[in-house]
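Q: Take a look at this one; I'll ask things after.
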Amino acid sequence: MLRDLAVRRMAARGRVTAYLPEEIQKALEEWAEEESRSISSLATYLLTKAVKERQAQKAKDSGRDN
């Protein structure tokens, strides 16, 4: 039952593949290790933060247009 829940949660998440320059890959590996995270977890955190910041900025900018 727990496994089924985990599988459903994973299926509900999107998947992205990224090809990074080697120096960026190494920097992410070091950063993830410092925070005891996987690279995938760190990338999810960073991308989520970036999207939220962009959405907030767009909302702020659209408020100025009115």
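Numbering (the UniProt record's numbering) for the sequence shown: 1 to 66. Note that beta-carbon positions come from the ideal geometry of N, C-alpha and C, so glycine has one too. Only a predicted model underlies this, so the values are computations on that prediction, with no experimental measurement involved.
(1) What does a CB cutoff of less than 8 Å around residue 32 pick up in its chain, not counting 5 residues either side in sequence?
(2) Let me check understanding here. Comparing Cα to Cα, which of 44, 55 and 53 lies closest to residue 17?
(3) DSSP three-state call for residue 14: helix, strand or coil?
(4) Under three-state DSSP, which class holds residue 20?
A: Straight from the coordinates:
(1) Numbered from its first residue, the sequence shown carries residue 32 at position 32. For residue 32, where only same-chain residues beyond five positions count, the Cβ hits under 8 Å are 38, 39, 41 and 42.
(2) As a first step, residue 17 must be located in the sequence shown, where it is residue number 17. For residue 17, the nearest C-alpha among the options comes from 44.
(3) Here residue 14 refers to the residue found at position 14 of the sequence shown. It is coil, neither helix nor strand.
(4) Start at 1 with the first residue of the sequence shown, and residue 20 comes out as number 20. Three-state result, residue 20: coil.
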